[in-house]
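> Numbering (the working numbering), first residue to last: 7 to 539.
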Amino acid sequence: MFKNLSSKFFMVCFLSTNLLSKSPAVKPDRTVEISAMVAQMKFDRASFSVKPGEIIRITLKNPDDLPHNLVVCKPTKDNKNDKGKEIADAVIDLGLDGVLQNWIPEKHSRLLAHTKMVNPKEEGSVTFVVPNKEGPYPYVCTFPGHAQMMNGVMVVTKNASPLSDLRYRYYHGSWEKLPQWDKLDSESNGTLEDGFLSIDSKGRKDNFGFLFEGKIEVPKDGDYEFYLQSDDGSELYVGGRRVVVSGGVDGMLKKQGKIKLKKGLVSFRVGFFDKDGPEDLYVGWKGTGFVEQALTKAKPKGKTKTPPEPIFIEPLPEEAVIYRNFIDRAGPRAIGVGYAEGLNLAFDANVMRLAIIWRGRFMNGQRHWTGRGQGFQAPAGDDAFYFPNGASFAKLDNISSSWPPEESRASGIRFGGYRFDEKHRPSFIYYIGKARITDYAKPVRTDSDLSLVREITIEQNGENLEGLVFRAGIGTVERKEGFVLANQVLCKVDRIEAVMVQKSGNTRADGDLRIPVRLTNGKAEIRLSYSWI
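1) Determine whether the beta carbon atoms of P137 and V159 lie at a separation below 7 Å.
2) Are the stretch 50-58 and the stretch 167-182 in contact at 8 Å, needing three or more beta carbon pairs?
3) If we ignore side chains and look at the alpha-carbon of each, how far apart do L72 and P126 end up?
4) Please report the distance separating the alpha-carbon of G422 from that of G439.
5) Starting from the C-beta of E531, find all residues in its chain whose C-beta is less than 6 Å away, skip the five residues before and the five after it, and write them out in chain order.
6) Mapping the DSSP letters down to three states, classify W187 as helix, strand or coil.
7) Answer yes or no: do A478 and L525 have a C-beta to C-beta separation smaller than 7 Å?
8) Would you mind sorting G342 into buried or exposed? The rule is 16 or more other CB atoms within 10 Å of its CB.
9) One question on the structure: do K261 and S252 come within less than 7 Å of each other, judged by their Cβ atoms?
10) In whole angstroms, give me the CA-to-CA distance for K269 and D88.
11) Could you pull the start and end residues of the beta strand (DSSP E) that G141 belongs to?
12) Taking the CB atoms as reference points, tell me whether D346 and I362 lie closer together than 7 Å.
13) Grab me the residues of E325's own chain with a C-beta within less than 7 Å of its C-beta, minus the 5 sequence neighbours each way, in chain order.
14) Taking contact to mean 3 or more Cβ pairs, one atom from each stretch, closer than 8 Å, check whether the stretch 277-294 and the stretch 181-191 are in contact.
15) Should V459 and S408 be called a contact, given that it needs their Cβ atoms to be closer than 7 Å?
16) Let me know the secondary structure DSSP gives P522 once reduced to three states.
17) Since Q383 contacts I333 with CB under 8 Å, what's their CB separation in whole angstroms?
18) For K307, name the three-state secondary structure that DSSP assigns.
19) Quick one: Cα of Y424 to Cα of C147, how far?
20) Can you give the Cα-Cα distance for A153 and P81, rounded to whole angstroms?
21) Taking a contact to mean a Cβ-Cβ separation below 7 Å, would you say P58 touches V162 in this structure?
22) Ignore the nearest five residues each way along the sequence and tell me which others in L301's own chain have a CB closer than 7 Å to its CB.
23) Assuming contact is defined by CB atoms lying nearer than 7 Å, are E219 and R173 in contact in what I supplied?
24) My output table needs one value for D95: the three-state DSSP class, helix, strand or coil.
25) Taking 8 Å as the threshold, find out whether the stretch 467-485 comes into contact with the stretch 394-413 through three or more Cβ pairs.
26) Under 6 Å Cβ to Cβ from P542, same chain only, skipping five residues before and after it: list those, please.
27) Would you say L169 reaches chain B, if we count a Cβ-Cβ gap shorter than 7 Å as a contact?
28) Under the three-state reduction of DSSP, which class applies to G104: helix, strand or coil?
29) Note down the Cα distance separating R175 from I64, rounded to an integer number of angstroms.
30) Please report the straight-line C-alpha distance between L234 and V490, rounded to a whole angstrom.
31) Give me the Cα-Cα distance between G104 and N75, rounded to the nearest whole angstrom.
32) Here's a check: name, in chain order, each residue in its chain whose Cβ is nearer than 7 Å to the Cβ of E484, leaving out the five neighbours to either side.
33) Would you mind reading off the limits of the beta strand (DSSP E) that contains Y177?
34) Going by alpha carbons, who is nearest to I93 out of W109, Q299, V244 and R36?
35) Given a cut-off of 7 Å on the beta-carbon distance, is the pair D286 and D354 in contact?
36) Can you tell me which of the three DSSP states Y436 falls into?
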């Protein structure tokens, strides 16, 4: 119907910009980047999956010479992927009014979210809450003539996969070891929109193979471990490198390999073959901040079990959250605190010490979700720094005296609970005889850093505190800007004396950072900060 439209009309289409307001200033749980492919009339990402209720931001990058947008559609009534055809047809029905509406049928019942019309060499974003209804949510470019090729699908599922653009090729053949896939002709091929590997053998019991190729979304820079278990052979490539291989006819043996990855989308490839007998495939991965997660649709039929889905405990936007349970290296009476700013700590209430500080995710509560559970749970985030065992306060003959032996439960100090401030940040209370100690921490952001500031108040209350010393850390190296603990954390002590006491025998504990307690009118205050280097 556009054959009689003038060149001026198309120029208006080309230069039009969206009149929508920008996406709300809400921090998304996840950002998905999609790019228009230059001169190919395609998105570079054909599928991805998200969880119900997530706050997601989609950023559309347009290096192309034509304008493009990205419109997310609600599912069809039969919950099938129509590739956005209904919305695209509604745009054509707008006719000339489409220019003024930026090719968006605003009143259409299936319209969920959309970017602006992104001009060449620019980008645009849209932020929205993922609906609770599971199913395929097509996305499409609604600029006239683009929809047929520029489309993809966002799959909403409680079990969202980090894999996207996942495709398979299916082969017939009899192999004793992994073949060279690129030299074979496939019997069929297709896409796996939900992002999970699946070996549907098309009714064939033996002598078949699959090659899966896609992209995996790496959440942050770091070390990642991949797991492979198959009957018969399989291999796994990430970023072009073979990470795990189980190449022969050897049954369901679980193998694993590690690789260092950068944040972003990375190429992913798995080859699998079955010669005879049972067939099965399990692929999983694990990284900093999350336990092993399956990348295959079904659990393996052998003895290996897919780990349960993590249950992350997170602070509220303006409030800290408390986790009282068994925390690894913080003891059975550990009190975890997750701050809204993204820093966390664990306090050991057995010996009254700050045990751990870390960044990122707080805790995975899955292990202890029903009752006290089994065993100790490690922090879920990154860059965990562990303070020395034993009490933080001790009475010494002199500042360089040996620190008292560690106790599983402090005999000279007793716990007095904790009190909250207006942001639910706790002050830990403990006593040495009649003396009361208040130990309070809060994140503080500067222009260049985010630190954990610790404020400790000692009230004598008539108790003899002669020789009382506070130990702030271990493994100390003194620098101009402060004290570096274990080559990981910078500790700054505010306006009071701090002494580095040399030690020997343990290269990670070559110095105690000690602060003598100096009372003025029966009271002393210690203020220090910890930040990562």
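Each residue gets a CB set at the ideal place from its N, CA and C atoms; glycine is no exception.
Predicted model only: the values in this text are computed from it and were never measured.
By the coordinates alone:
1) P137 places its beta carbon 7 Å or farther from that of V159.
2) Yes, the stretch 50-58 touches the stretch 167-182.
3) When rounded, the distance between both Cα atoms is 6 Å.
4) Each residue's Cα considered, the two are about 12 Å apart.
5) If you ignore the 5 residues before and after E531, its C-beta comes within less than 6 Å of the C-beta of T463, all in its own chain and listed in chain order.
6) Correct three-state label for W187: helix.
7) Result no, Cβ atoms of A478 and L525 do not sit closer than 7 Å.
8) That one is buried.
9) Cβ atoms of K261 and S252: closer than 7 Å.
10) Between the alpha carbons of K269 and D88 lies a distance of about 32 Å.
11) DSSP places G141 in the uninterrupted beta strand (DSSP E) bounded by G141 to V146.
12) Here residue 346 is Ala; the residue named in the question, Asp, does not match the sequence. With respect to the 7 Å criterion, A346 and I362 are not classified as neighbours on the basis of their beta carbons.
13) A346, K429 and H430, listed in sequence order.
14) Put simply, the stretch 277-294 touches the stretch 181-191. At least three CB pairs are less than 8 Å apart.
15) The answer is no: Cβ separation not under 7 Å.
16) P522 falls in the strand class under three-state DSSP.
17) Right, the Cβ-Cβ distance comes to about 6 Å (below 8 Å), so this counts as a contact.
18) In this prediction, K307 has a pLDDT of 47, which is less than 50 and means its spatial position is unreliable; what the coordinates show is noted afterwards. K307: coil per DSSP, three-state reduction.
19) Roughly 55 Å between the two C-alpha positions.
20) The alpha-carbon atoms of A153 and P81 are separated by roughly 16 Å.
21) The criterion of a C-beta distance shorter than 7 Å is satisfied by P58 and V162.
22) Scanning its chain for C-beta atoms nearer than 7 Å, with the 5 sequence neighbours on each side dropped, one finds around L301 the residues S167, L169, F202, L203, V289, G290 and W291, in chain order.
23) For E219 and R173, yes; Cβs fall inside 7 Å.
24) Correct three-state label for D95: helix.
25) As far as the Cβ criterion goes, the stretch 467-485 touches the stretch 394-413, which means the pair count is three or higher.
26) In the structure as shown, the chain starts at 7 and stops at 539, and residue 542 therefore has no counterpart that could be examined.
27) Among the chains of the structure shown, chain B does not appear; only one protein chain is present.
28) Correct three-state label for G104: helix.
29) Approximately 29 Å between the Cα atoms of the pair.
30) Each residue's Cα considered, the two are about 41 Å apart.
31) Going from the Cα of G104 to the Cα of N75 covers about 13 Å.
32) If the five residues before and after E484 are omitted, its C-beta is found closer than 7 Å to the C-beta atoms of M506, all from its own chain and listed in chain order.
33) Unbroken beta strand (DSSP E) run through Y177: L169 to H178.
34) Nearest of W109, Q299, V244 and R36 to I93, Cα basis: W109.
35) In this structure, the beta-carbon distance from D286 to D354 does not fall below 7 Å.
36) Strand, per DSSP.
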